[in-house]
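> In full-length UniProt numbering, the protein residues as written are 1 to 182.
Submitted below is the structure of interest, expressed as structure tokens.
Here it is in structure tokens:
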């Protein structure tokens, strides 16, 4: 065997060393990611604390705002099912986003918790006004007659169909009877 060629045992220990280094790098990366998530959660707790008094003022019985911190791959503070606050990639800026039919929309972005609190407060107020309008439209007196008229119109349509069928059947039998008499 040549003195300069590495032995099988040297190759095996070289691979073992490389695997050990890769595991250490992976562990360090995992620790860094965990630390970043922890930091993001801590920053989002500041937003949650700032918004808590606003959400505490919500009238009882309104379940639009199921809010809370969610720790995940991207930690978020959810205001409701559609809107949430997250920490941007720079780890300093808060982003308040809402999911719409046309995609995700940025409502506010700032490093200042008070700016985000005001944006969340405005969003909650708009949602409450939308809810009031929807409930008022459902309970309005003008809505009841339109349902009655629709019911009456449906009855008129059924009556016309039955009468048309009777007249048509009568004419058919008269024409058939007339044909037989000829």
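We put the CB at the ideal spot given by N, CA and C, even for glycine.
Of the residues 106, 70 and 128, which one's Cα is nearest the Cα of residue 60?
128
> Grab the span of the alpha helix (DSSP H) containing residue 100 for me, first residue to last.
It is not in any alpha helix (DSSP H) - residue 100 instead sits in the beta strand (DSSP E) that spans 94 to 100.
> Whose C-beta lies closer than 8 Å to the C-beta of residue 71 among residues of the same chain, with five residues either side of it excluded?
37 and 41
> Thinking just about the alpha-carbon of each residue, which of 67, 58, 98 and 57 is nearest to the one in residue 48?
67
> Expressed to the nearest angstrom, what Euclidean distance is found between the alpha-carbon atoms of residue 169 and residue 137?
45 Å
> Which residues bound the alpha helix (DSSP H) around residue 128?
Counting along the chain, the alpha helix (DSSP H) containing residue 128 begins and ends at 113 to 139.
> Could you tell me whether the Cβ atoms of residue 92 and residue 111 are closer together than 8 Å?
Yes; because the gap between Cβ atoms is below 8 Å, this pair is in contact.
> Give every residue of the same chain whose Cβ lies closer than 7 Å to the Cβ of residue 116, excluding the five residues on either side of it in the sequence, and list them in chain order.
47, 85, 94, 96, 108 and 110
> What are the boundary residues of the beta strand (DSSP E) that includes residue 103?
103 to 110
> Decide if residue 119 is buried, meaning its Cβ has at least 16 other Cβ atoms within 10 Å, or exposed.
buried
> The beta strand (DSSP E) with residue 68 in it runs from where to where?
First-last of the beta strand (DSSP E) with residue 68: 68 to 70.
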